[in-house]
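Please read the structure below before turning to the comments.
Residue numbers (the working numbering): 93 to 318.
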């Protein structure tokens, strides 16, 4: 697809930011698929391989979009998927040897990615095809998140395919990725009592994803970037 040959500094910053996040996810799934015996053969490996391919396609697209705008894509950082800031001994040190840990980290990345794209979308208003493409990626990330959650549920995790309140289904260590998801109001409207209906607080929070700011996202992914 062709994009305008000029871009504002803000649009470029959003695309570079998104590229860094996609580098993170693409390398994570690439390593996961390559780790012998980590992901069970069959449907599970098929799903993770497909997600890997999607993330690599997102990387390729964002790099192409930036170059079409006359910008140089940021280089891929070095990652520490243990969340150890380069020590590789962080809280997820067994991420590529323990399948449940791998899925938990995958869920966190996907849930965070959905909120990241939502948070950056307003900066792309008026950018035409760039906004459309970013929203296309956003919807695919949401599908990834739901599927990873289903995979975890099948292994006994007490979670749904969507986020309920601030519940991580993992623990406090990833709480920052879920902060703010407990809101029951949207655009000043109380969802729990909308049109006189009795809607539970849980259902109200599940019906909407809340955006995260760039600063919030950077703080979340910082332990994974060397």
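All residues carry an ideal CB built from backbone N, CA and C; glycine is no exception.
- In this structure, the alpha-carbon of residue 272 lies about 19 Å from that of residue 241.
- As DSSP reads the structure, residue 278 sits in a beta bridge with 281.
- The segment 197-280 is shown to contain whole alpha helix (DSSP H) runs of 4 or more residues at 221-246, in chain order.
- With a cutoff of 8 Å on beta-carbon distance, residue 256 and residue 267 are scored as not near each other.
- By the criterion of a C-beta distance shorter than 6 Å, residue 309 is surrounded in its chain by 208, once the five residues flanking it on both sides are discounted.
- Judged by DSSP in its simplified three-state form, residue 171 adopts strand.
- Per DSSP, the continuous alpha helix (DSSP H) segment holding residue 307 begins and ends at 306-313.
- The criterion of a C-beta distance shorter than 8 Å is satisfied by residue 166 and residue 108.
- In this structure, residue 222 sits near residue 157, with a CB-CB distance shorter than 8 Å.
- Burial check for residue 315: the Cβ neighbour count within 10 Å reaches 16 or more, so the residue is buried.
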